[in-house]
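Colleague: Okay, handing you the structure first.
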Amino acid sequence: MTSQRLFCLPLIAACFLPLLSHAADIDLSKPQPNAVNRAPVAISGPGAERVLDFSLWQSAILTTELVGSISDSVFCSGPQKMFYSKRLDDWFVAQLSKEFKNLAIKTGYASGESTRSVFDEKKNGADFKIGATMLALDYRTCKSGESTKGRAYAKIKWEVFSARRQKVVYSPVIESSYSSDANVPEAEFDTAFMRAIAGNLLGDPKFVGLVSSGGLTEIEPALVLPPLRIAGDRAIKGEVIRAASDLVKAVVTVESGVGSGSAFYVSRAGYLLTNYHVVSDAKFVRIKLSDGRSLVGEVLRTDKARDIALLQTDPVTFDVLGLRLEPAQLGEEVFALGSPYGAALSGSLTRGVLSSRRVMEGVSFLQSDVAINPGSSGGPLIDAKGQVIGIAQLRSATAGLNLFIPLDDALEKLALTVDVPVAAK
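Using this note's numbering, the first residue of the sequence shown is number 205, and each one after it goes up by one.
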């Protein structure tokens, strides 16, 4: 049976490290593979704020497979074959996890103990979850009392999962080895082996660049957008409970052909805000109003990294949502509007409080316990007066841990200025 520890992130129930084909027995009659080890790269600047969490592990090696030999004699004669086992697997991942954490902190990464998680209030958070699959192991040593000499080799498939982007953003296969011709304490030998494995990832230039950039190196460089100014319109005025029916009119369902999400009008000239992942690379989308009518929406500009998009339809006659650029206070009552699970449930309104402000991979978010569901993405987070303070982006399976893009950040990334609307009478 393949040894496996599979970890599922509660945020949108994302999992990785799929089972792989098992490895084969090593051939003790042949020399061990030779790997070139890297020195870990000290990180500074924005990258030093990233928190790494090596918490996922699996092995493609079966418990019956030959992985090395150990000789326990003065002349290193009569080596005994070593087979993979659950005990060896438990020992390996425990040692590697320990040395990975120590080396990451020594290299300059932040410690998870100083971070509160947006995924689990009882656990430390991380900007990147690190997973590893052991593809091959060749461990040949000669023991003399408490000392050991010999050579060890491992091939690891690493997977780097970005918490903000909710996907594996890098998955290299890296070989590592360690050897000593002189007798050294057995614990020292094994520690050096684990450090070589961890150091090869922490010294990988692409990994370092990925973490330094916040996991965005594979995203195309953002276009420099020209400033766009939208004239103010009549904005809905009044407490949410009293103005709910008007607020619902300004929130729509977006259908792009790959799914649905939500959006909201900020101008009667037809301008709407939503998430980039709601429209993806579509040029035109369908906008379904609360009264059942459909309009064509054109995607005018997007920022893929910040997951924000500006759309435009034909002008509308109803009043739009007002915008609030002043910071909301923690504990303040907030509401979310959207179309969970599509147009059939459009106009859903939920209530909660602003729980916290978070920074993940150097990017700001608002956290609230207000309920959102698939299809709510791109909908507005509004205050008690119906003014927009954020845009729904990430839903957690853990209650109270939903994330929203701050409104001012969204407008900045789109190079968009919306004049203060005139309040509707």
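Heads up, the beta-carbon is just placed ideally off N, CA and C, and yes, glycines get one too. Predicted, not measured: the structure shown is a model, and the values here were computed from it.
Which residue or residues does DSSP assign as beta-bridge partners of residue 346?
Modeller: 275, 353
Colleague: Taking the beta strand (DSSP E) that residue 403 falls in, what are its first and last residues?
Modeller: Careful: residue 403 lies outside any beta strand (DSSP E), inside the alpha helix (DSSP H) at 390 to 406.
Colleague: For residue 465 and residue 582, what's the separation of their Cα atoms in angstroms?
Modeller: 6 Å
Colleague: What is the residue span of the beta strand (DSSP E) that residue 584 lies within?
Modeller: 584 to 587
Colleague: Any idea which residues DSSP pairs residue 340 with across the strands?
Modeller: 359
Colleague: Quick check on this structure: which residue in 284, 263, 285, 308 has the alpha carbon closest to the alpha carbon of residue 294?
Modeller: Per the Cα distances, 263.
Colleague: Give me whichever residues DSSP pairs with residue 606 in a beta bridge.
Modeller: 572
Colleague: Identify, in the order they occur along the chain, each residue of the same chain with its Cβ nearer than 7 Å to the Cβ of residue 304, setting aside the five sequence neighbours on each side.
Modeller: 258, 402
Colleague: Tell me the DSSP bridge mates of residue 415?
Modeller: The partner list for residue 415 (beta bridge, DSSP) is empty, contrary to what the question assumes.
Colleague: How is the alpha helix (DSSP H) around residue 285 delimited, first residue to last?
Modeller: Element bounds for residue 285: not the alpha helix (DSSP H) but the beta strand (DSSP E), 284 to 287.
Colleague: Tell me the DSSP secondary structure of residue 597 in three-state form.
Modeller: strand
Colleague: Tell me the DSSP secondary structure of residue 445 in three-state form.
Modeller: helix
Colleague: What separation, rounded to the nearest whole angstrom, lies between the Cα atoms of residue 327 and residue 434?
Modeller: A caution first: residue 327 carries a pLDDT of 39, below 50, which makes its placement in the model unreliable, though a value can still be read off. Residue 327 and residue 434: Cα-Cα distance of roughly 43 Å.
Colleague: Tell me the DSSP secondary structure of residue 498 in three-state form.
Modeller: strand
Colleague: Closest to residue 619 by CA distance: which of 512, 578, 280, 590 is it?
Modeller: 512
Colleague: Among residues of its own chain, excluding the 5 on either side of residue 611, which ones have a beta-carbon nearer than 8 Å to its beta-carbon?
Modeller: 527, 528, 529, 592, 593, 594, 595
Colleague: Can you tell me the Cα-Cα spacing of residue 508 and residue 357, whole angstroms?
Modeller: Within the model, the alpha-carbon separation for residue 508 versus residue 357 is close to 40 Å.
Colleague: Rounding to the nearest angstrom, what Cα-Cα distance links residue 485 and residue 301 in this structure?
Modeller: 39 Å
Colleague: In angstroms with no decimal places, state the Cα-to-Cα distance between residue 273 and residue 382.
Modeller: 15 Å
Colleague: Between residue 410 and residue 367, which are expected to be in contact by the criterion C-beta below 8 Å, what is the C-beta distance as a whole number of angstroms?
Modeller: Actually they do not touch by this definition, with Cβ atoms about 19 Å apart.
Colleague: Measure how close the beta-carbons of residue 539 and residue 444 come, nearest whole angstrom, since I'm counting them as under 8 Å.
Modeller: 5 Å
Colleague: For a quick check, are the C-beta atoms of residue 230 and residue 313 less than 8 Å apart?
Modeller: no
Colleague: Counting only runs of 4+ residues fully inside the segment 451 to 524, write out the alpha helix (DSSP H) ranges in chain order.
Modeller: 480 to 483
Colleague: Look at the alpha carbon of residue 375 and the alpha carbon of residue 359, and state the distance between them as a whole number of angstroms.
Modeller: 13 Å
Colleague: Grouping DSSP H, G and I as helix and E and B as strand, with all else coil, what is residue 254?
Modeller: coil
Colleague: To the nearest whole angstrom, what separates the beta carbons of residue 623 and residue 463, a pair I think is in contact under 8 Å?
Modeller: With a Cβ gap of about 32 Å, residue 623 and residue 463 do not count as contacting.
Colleague: Can you give me the start and stop residues for the alpha helix (DSSP H) that residue 297 sits inside?
Modeller: First-last of the alpha helix (DSSP H) with residue 297: 290 to 311.
Colleague: Would residue 345 pass as a contact of residue 337 if the rule is Cβ separation under 8 Å?
Modeller: It is not a contact, given that the beta carbons lie outside the stated cut-off.
Colleague: Report yes if the C-beta distance between residue 494 and residue 542 is below 8 Å; otherwise report no.
Modeller: In this structure, residue 494 lies away from residue 542, with their beta-carbon atoms at least 8 Å apart.
Colleague: In this structure, does DSSP put residue 534 in helix, strand or coil?
Modeller: coil
Colleague: What separation, rounded to the nearest whole angstrom, lies between the Cα atoms of residue 240 and residue 396?
Modeller: 14 Å
Colleague: Under 7 Å Cβ to Cβ from residue 608, same chain only, skipping five residues before and after it: list those, please.
Modeller: 569, 570, 572, 585, 594, 595, 596, 597
Colleague: Check whether chain C comes within 8 Å of residue 464, counting only Cβ atoms and requiring the distance to be less than that.
Modeller: The structure shown contains no chain C; it is built from a single protein chain.
Colleague: Assuming contact is defined by CB atoms lying nearer than 8 Å, are residue 439 and residue 520 in contact in what I supplied?
Modeller: no
Colleague: Residue 611 by DSSP, collapsed to three states: which one?
Modeller: Secondary structure at residue 611: helix, using DSSP grouped into helix, strand and coil.
Colleague: Just list the residues that DSSP pairs residue 333 with in beta bridges.
Modeller: 257, 365
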